[in-house]
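The structure appears right after this line, and notes come after that.
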Amino acid sequence: MKSLKGKTAIVTGASRGLGVVIAEALAREGVNLILTARSEAPLREVAARLSRLGVDARVVAADVADARGREQIIAAARDELGPIDILVNNAGIEAIGRYEATDPETIEKLVLVNVVAPMLLTRALLPEMLARRSGQIVTISSLAAKKGLPYNSVYAATKAAATSWAWGLREELHGTGVRSSVISPGFISDSGMFSEYDTKAHWVAGESKPESVGEAVVAALTRDKAELIVSPGPIKLMLLLDAMSPSLTSWFFRRIGLYQFYRKLAELVEARPD
Numbered sequence: 000m001k002s003l004k005g006k007t008a009i010v011t012g013a014s015r016g017l018g019v020v021i022a023e024a025l026a027r028e029g030v031n032l033i034l035t036a037r038s039e040a041p042l043r044e045v046a047a048r049l050s051r052l053g054v055d056a057r058v059v060a061a062d063v064a065d066a067r068g069r070e071q072i073i074a075a076a077r078d079e080l081g082p083i084d085i086l087v088n089n090a091g092i093e094a095i096g097r098y099e100a101t102d103p104e105t106i107e108k109l110v111l112v113n114v115v116a117p118m119l120l121t122r123a124l125l126p127e128m129l130a131r132r133s134g135q136i137v138t139i140s141s142l143a144a145k146k147g148l149p150y151n152s153v154y155a156a157t158k159a160a161a162t163s164w165a166w167g168l169r170e171e172l173h174g175t176g177v178r179s180s181v182i183s184p185g186f187i188s189d190s191g192m193f194s195e196y197d198t199k200a201h202w203v204a205g206e207s208k209p210e211s212v213g214e215a216v217v218a219a220l221t222r223d224k225a226e227l228i229v230s231p232g233p234i235k236l237m238l239l240l241d242a243m244s245p246s247l248t249s250w251f252f253r254r255i256g257l258y259q260f261y262r263k264l265a266e267l268v269e270a271r272p273d
């Protein structure tokens, strides 16, 4: 198993949620960190805590969806910690609700943050990784990528794009010394939209602890895993069924109330005061 000690990683979306957990998992492996997000204050709190684990943790407050922000992240990383060994594309947003009620700006932002930003940040870092014949890119996707979901269709589409891109990039980089992996979590307790609305995951999807995602990132890096699914539920069996008969899977999901679960969640979101 490959050691990560002394490596340097950029983690996007590192001010809260899974980004913090992923950064901590890397810090425990001895990885020095560039933590990025739009808000500086929470980043500094995370960096201070992780520094106590004996690693160098720096912060760059910048918007990964903005070209100037990406340039700022990369320049600061190089200046402060030198060559980047690992990029964790974690920053992402979600918008649950009826598609016809989703404003065009939200749709565009979902595509920009979840798809375009990780692609362009990776594109900016890739030449130097290839020149060194060393580097690892980990993209945090979602099980939503595996099948279009009602009331969450745009998010699911962006994650499907991210997963497909990460897989394609992995094959393109084969033999170069640079590797691409993707992590596909299902429902995560204490994180994201479901935590915000105090909603439990549907039984078919199961529910994982955030720490499981951090462990998956470390496993992908140390064991060169192409993709890791993080879910305790019977979802892998459902994915196999979907590969054989998407229509049958959709029928089954309707019968067990999975799609109704998303509809009710959408109603909660739409009822929320602005």
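First residue of the sequence shown: 0, per numbering that gives the first Met the number 0; consecutive thereafter. Note that CB positions come from ideal geometry on N, CA and C, so glycine has one too.
- By the neighbour-count criterion, in which 16 or more other beta carbons inside 10 Å mark a residue as buried, Y98 falls on the exposed side.
- Looking at the backbone, the Cα of S152 and that of L3 are separated by about 36 Å.
- If you draw a 10 Å sphere on the C-beta of P209, you find 16 or more other C-beta atoms in it, and that means buried.
- For A215, the closest alpha carbon among the candidates I139, A64 and G167 is that of I139.
- As the crow flies, the alpha-carbon of L220 is around 10 Å from that of V181.
- Cβ-Cβ separation between N88 and D55: approximately 21 Å, too far for a contact (criterion under 8 Å).
- With respect to L119, R169 sits apart: the two C-beta atoms are not nearer than 8 Å.
- With a 10 Å radius around the Cβ and a threshold of 16 neighbouring Cβ atoms, E269 comes out exposed.
- Per DSSP, T175 lies in no alpha helix (DSSP H) and is assigned neither H nor E.
- Between A26 and the set A225, R131, V10 and A40, the nearest pair of CA atoms involves V10.
- Residues G18, A36, N89, A90 and G91 of the same chain have their beta carbon placed closer than 7 Å to that of G12, with the five preceding and five following residues left out of the count.
- Between A156 and P117, the beta carbon gap of about 15 Å keeps them out of contact (Cβ cut-off 8 Å).
- Counted as a single uninterrupted DSSP element, the beta strand (DSSP E) harbouring T35 occupies residues N31 to A36.
- Only buried fits A76, as 16 or more other CB atoms lie within 10 angstroms of its CB.
- In the displayed model, G134 falls within a strand according to three-state DSSP.
- As the crow flies, the alpha-carbon of V45 is around 17 Å from that of I72.
- V87: member of the beta strand (DSSP E) spanning I85 to N88, first to last residue.
- Distance from G213 to E23 at the Cβ level is roughly 6 Å; contact confirmed, criterion being Cβ atoms closer than 8 Å.
- Of the other Cβ atoms in all chains shown, fewer than 16 fall within 10 Å of the Cβ of K235; this residue is therefore exposed.
- Judged by DSSP secondary structure, I73 falls within the alpha helix (DSSP H) whose first and last residues are A66 to L80.
- Taking the CA atoms as reference points, P184 sits about 4 Å from V229.
- Spanning the alpha carbons of N113 and L238 requires a straight line of approximately 22 Å.
- Around the C-beta of A66, fewer than 16 other C-beta atoms lie within 10 Å, and the residue is accordingly described as exposed.
- With 16 or more other Cβ atoms from the protein chains shown falling within 10 Å of its own Cβ, K6 counts as buried.
- A direct Cα-Cα distance of roughly 16 Å separates L142 from F260.
- By the neighbour-count definition (other C-beta atoms within 10 Å, threshold 16), R122 is an exposed residue.
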